[in-house]
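Keeping their order, the protein sequence lines are chains A and B.
Going by the numbering used here, the first sequence opens with residue 1, and the numbers climb by one from there.
Going by the numbering used here, the second sequence opens with residue 246, and the numbers climb by one from there.
Glycine included, C-beta positions come from ideal geometry on N, C-alpha and C.
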Amino acid sequence: MVNALETKSVTKIYKSDIGTIRAVDEVSLNVANGEFVALVGPSGSGKTTMLAILAALLRPNEGSVMIDGAELSQMSEAKRARFRREKIGFTFQANNLVPYLTALENVELMLRLNGKYDRAGRERARELLARLGLGERLKNLPRQLSGGQQQRVAIARALIHTPALVLADEPTASLDTERAHQVIQTFANLIHEQQRAGIMVTHDLRMTQYADRIIQMRDGKLRRVISDPAEIRAFATTGEAVTAN
Amino acid sequence: MTTPFYLTLKEIWRNRGRFLLFSLVIALITLLVLFIAALADGLGNGNREYIEKLNGELIVYKSNVDLSIGASRLDRSQLRAIVRVPGVKDAGQASFSSVVLLQSEGKKFNVALIGVEPGKPGEPPVVLGRGLGDKSSSEAIIDRNVALRTGYTVGDQLRLKAIQGTQEEFYDLRIVGISDGRQYSLQPSVIVSHPTFDRVKPGVPVVNATDLVSNLIIVQLDEPLNWKAMAITLANQVEGIQAVDRQTAYQNTPGYSAQQSTLDTQRFFTLLIGVLVIGGFFQIQTLQKVPQIGMLKAIGAPNLLIAIAALTQIVLVTILGVSIGALATVLLSFTFPATIPIVFSPMAIVIGVASLMLVGPIGGLVSVRYALRVEPLTALGLTG
C-alpha cells in the first residue's frame, strides 16, 4: 500500500513560565491509503497537538511531515491553507458546521472553496449525504439536526473533495453510544471504500474497534502501536488506563 | 456567485430578523444625520437665502462695522461714488427691518421687511406678477414663503403692523409680485420700495428724508468673475465702505456661523456614533463567530475570503439601513409644514448618504481585522 502520510521524528516544543514542554516528542508514523488509524492517549498525551501538526495547522519544531508527497514544513501560511482545503478533510469535536448553511450547502462548501462546485459535485454531495442516512435532511440547518446527524454531515464534508488525508478530532464526544458506533462505523467504511488515509483522535476506546491500527501516545511520545485485529478488538473491549478528557 | 458573497448572502438571509433589526438601527442613525443636515440647510437657508440669491456680485457695507448689516449705514453719495467706479455695471440700496404680518382671524407672524430700489440690484425677480413700480406707491413683493403661509397671491392686500414710537401702526400694501424663496434672518420676506420701507419700518418714522440711507449697497459688475479685485478697488476709491462677496456677507449675518458650526458638530458626532454603533455590532458578531471562523480557516478558507465576506456583509447591511433611513426621511419630509425650517436639498442628502456609506465599512474594519487574526487552531480548542 502507498503511504498517504509519513512523519519523521516530529517534535513540538512549547515554552512556558514553568519551563519547556515537549508536547510531541519525536513521533514517526505512516498511514497508508485506505487505512483507518485511531490515535489514543490520556489527556495531555499530545494527540491533539499531533493532529494539528498533521492538519497543517501547527508547525513542528523538528522533524518532517509528508502528505500525499508534499512536505509541509517549508510551506508558507497561504500554501498551507490551500493544502488544507485541497488535501485534507476535517471533522471537529464541536462547531463543525456553518450554522447558516443547510446540510447540503455545508458539504458543497468544500467544493466551492476548491473551485469544484459543478453539477457532478452537487450530485456527489447528495449521494454522500444519502449514503450517510441524511437523504431527507439535505435542506435542514445544523440547529435542526441532532449531534449525530451533524457529525455525519461533517464526515460528508470531509470526504466530498477527495482529500488524501481525513482527520477526525473526537468525533463521538457529543454522541450517545448507539450514535457513536453508527457514525464511526460509517466513517471507517467510507475511508476504506474511497481509499483515503484516515486518522481519528479519540478517548472513547470502544470506537477503536473500527480502526485498522491503534496508535497510543503518552507524554508526547508514541508508546504503542496495535495492528493485530484480535488485539484491536481486545483493546477496544477491555481498554487500558486511558483517562477521559 | 463567488464563495464570499455566497456566504454573506446566506448568512444575512438565514438571520434576516437580526440583520433587519440592525439595519433599522442604521436607518435611525441615517434619519438623524439627514434631519440634522436638513435642519442645518433649513436654518442656514433662512439666514442666507435673500443675500445668497442677490443679483449682484458684491455687497457693500459701511467700513468698521464688522460686516454687521444692522450697524451699517450707507447714503446716496456713496452709491453714486460706487456707480462711477469703472467696472461697476449697476448698484442699488437695500435696507432691512422686521415687522408683523397680520392675517384674518388674528393670525400673525414676523416677516423681514426689505427696502429696495425698484429695477435695481437688490430687488428680486418675480415668478408671478410684476416688479415694484412707482417708488412711492404702497406695493409689495412677497416671497414664496409668505405666499405659502398666507395663501396670498398677486392683487391681494396684506396688512403689516409696526411699532412707531410708542404706537402700533398698520399699513396695507398691495401685492404686485411673488418671488421665489427670499428669507432673511429666518423670516419670510416682504419686499418694498425704499420710501415705503422708511414709512413702515419700526422706530422713529423718517419724514421727508432728503437722502436715502440704507444698510447695504448691492453692486453688479461688468465682469462678475473679477469680484475680488473690484472689492479692493471699491474700498480704495470710495471712502468709508467695505465690499465683500455674497458668501462672506451671509456668513457674517448674526448667528449664522455659530449656528452652522453647531449643527456641523452635531452631524459629525452623529456620524461618529454611527461608526461606533456599526463597529460595535459587527465586533460583537465576530466575537460570537470566532469558533466558526476558526473552523472555516481550519478547513482551508483563505483569509481573503474571510475578509471579503465580512466586508461585504457590513456594506450590504449598511446599504440596506441607509436606504431604509433615506426613504423614511423623504417620506417624513412630506409631513412637515412649510413653517418648519427643514430643507432636504439633494446635495445634502447625497453627502449624508455617502458619509454613512463610508461610516459602515470604517466602523466594521476593526471586526474584519479581528476576524483575520482568529487562529484556525481554535477549531481544535488550541491556541497558537
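Contacts that residue i makes with chain A (C-beta to C-beta distance below 7 angstroms)
i, result
"Pro-606 of chain B", "None at all; the shortest Cβ gap to chain A is about 22 angstroms."
"Tyr-615 of chain B", "Result: empty, since nearest Cβ-Cβ is about 17 angstroms, beyond 7 angstroms."
"Thr-248 of chain B", "Arg-112 and Leu-113"
"Tyr-495 of chain B", "None at all; the shortest Cβ gap to chain A is about 54 angstroms."
Residue i CB to nearest heavy atom of the ligand FMN below 7 angstroms
i, result
"Met-50 of chain A", "Because no ligand of any kind appears in the structure shown, any question about the ligand FMN cannot be addressed here."
For residue j and residue i, believed in contact at Cβ under 8 angstroms, the rounded distance
i, j, result
"Gln-465 of chain B", "Glu-302 of chain B", "7 angstroms"
"Arg-157 of chain A", "Leu-190 of chain A", "That pair is no contact at about 12 angstroms."
"Ser-64 of chain A", "Thr-7 of chain A", "7 angstroms"
"Val-609 of chain B", "Ile-523 of chain B", "Just to set this straight, residue 609 of chain B is Gly in the shown sequence, not Val. With 8 angstroms as the limit, Gly-609 of chain B and Ile-523 of chain B qualify as a contact, their Cβ atoms being about 6 angstroms apart."
"Ile-304 of chain B", "Ala-494 of chain B", "4 angstroms"
Amino acids of chain A, ordered along the chain, whose beta-carbon sits closer than 9 angstroms to that of residue i
i, result
"Tyr-501 of chain B", "Ordered by position in chain A, no residue passes the 9 angstroms Cβ test against Tyr-501 of chain B, which lies about 52 angstroms from the chain."
Pair within 8 angstroms by beta-carbon distance, residue i and residue j
i, j, result
"Gln-558 of chain B", "Ile-271 of chain B", "no"
"Ala-644 of chain B", "Val-613 of chain B", "Any answer about residue 644 of chain B is impossible in this case: the structure gives chain B only from 246 up to 629."
"Leu-128 of chain A", "Ala-103 of chain A", "no"
"Ala-624 of chain B", "Asn-95 of chain A", "yes"
"Ile-518 of chain B", "Ile-274 of chain B", "yes"
"Thr-202 of chain A", "Val-40 of chain A", "yes"
"Pro-586 of chain B", "Leu-377 of chain B", "no"
"Arg-152 of chain A", "Leu-132 of chain A", "yes"
"Leu-373 of chain B", "Ile-423 of chain B", "yes"
"Pro-60 of chain A", "Ile-53 of chain A", "yes"
"Leu-279 of chain B", "Thr-574 of chain B", "yes"
"Val-604 of chain B", "Leu-516 of chain B", "yes"
"Lys-47 of chain A", "Asp-68 of chain A", "no"
"Ala-339 of chain B", "Asn-497 of chain B", "no"
"Ala-55 of chain A", "Phe-90 of chain A", "yes"
"Gly-332 of chain B", "Asn-471 of chain B", "yes"
Residue environment, residue i, which counts as buried when at least 16 other CB atoms sit within 10 Å
i, result
"Val-421 of chain B", "buried"
"Glu-105 of chain A", "buried"
"Tyr-14 of chain A", "exposed"
"Phe-589 of chain B", "buried"
"Met-475 of chain B", "buried"
"Ser-9 of chain A", "exposed"
"Thr-20 of chain A", "exposed"
"Arg-389 of chain B", "buried"
"Ser-592 of chain B", "Position check: residue 592 of chain B holds Met in this sequence, whereas Ser was assumed. Exposed, by the Cβ-count rule."
Within chain B, the residues that residue i reaches when beta carbons sit closer than 9 angstroms
i, result
"Met-110 of chain A", "Ile-544 and Gly-545"
"Arg-85 of chain A", "Ile-544, Gly-545, Ala-546 and Pro-547"
"Leu-141 of chain A", "Arg-259"
"Ala-70 of chain A", "Simply none; closest approach about 14 angstroms."
"Leu-29 of chain A", "Those within 9 angstroms of Leu-29 of chain A in chain B number zero; the least Cβ separation is about 19 angstroms."
Residue i - partner residues in DSSP beta bridges
i, result
"Gly-351 of chain B", "In DSSP, Gly-351 of chain B forms no bridge with anything."
"Ile-214 of chain A", "A:Ala-38 and A:Ile-226"
"Leu-373 of chain B", "B:Ile-423"
"Asp-335 of chain B", "B:Gln-465"
"Thr-20 of chain A", "A:Lys-15"
"Leu-358 of chain B", "B:Ser-342 and B:Val-435"
"Met-247 of chain A", "Residue 247 of chain A is absent from the model: chain A starts at 1 and stops at 245."
"Tyr-306 of chain B", "B:Gln-487"
"Arg-404 of chain B", "B:Leu-347 and B:Asp-417"
"Gly-291 of chain B", "According to DSSP, which records beta bridges pairwise, Gly-291 of chain B is partnered with nothing at all."
"Val-166 of chain A", "A:Gly-89 and A:Gly-198"
"Ser-459 of chain B", "B:Leu-319"
"Pro-534 of chain B", "It is Lys, not Pro, that sits at residue 534 of chain B in the sequence shown. Per DSSP, none; premise fails for Lys-534 of chain B."
"Leu-29 of chain A", "A:Thr-7"
"Tyr-429 of chain B", "B:Gln-432"
"Gly-220 of chain A", "Bridge partners of Gly-220 of chain A: none, in fact."
"Ile-387 of chain B", "B:Ile-423 and B:Val-435"
Where residue i meets chain B, residues with beta-carbon distance less than 7 angstroms
i, result
"Tyr-100 of chain A", "Lys-255, Glu-256, Arg-259 and Asn-260"
"Phe-90 of chain A", "Ala-543 and Ile-544"
"Arg-82 of chain A", "Gly-545"
Neighbouring residues, chain B, relative to residue i (Cβ below 8 angstroms)
i, result
"Asn-96 of chain A", "Met-540"
Contact set between residue i and chain A, taken where Cβ atoms lie within less than 8 angstroms
i, result
"Pro-536 of chain B", "Ala-94 and Asn-95"
"Tyr-251 of chain B", "Arg-112"
Closer than 8 angstroms to chain C by CB, residue i
i, result
"Asp-169 of chain A", "The structure shown contains no chain C; its protein chains are A and B."
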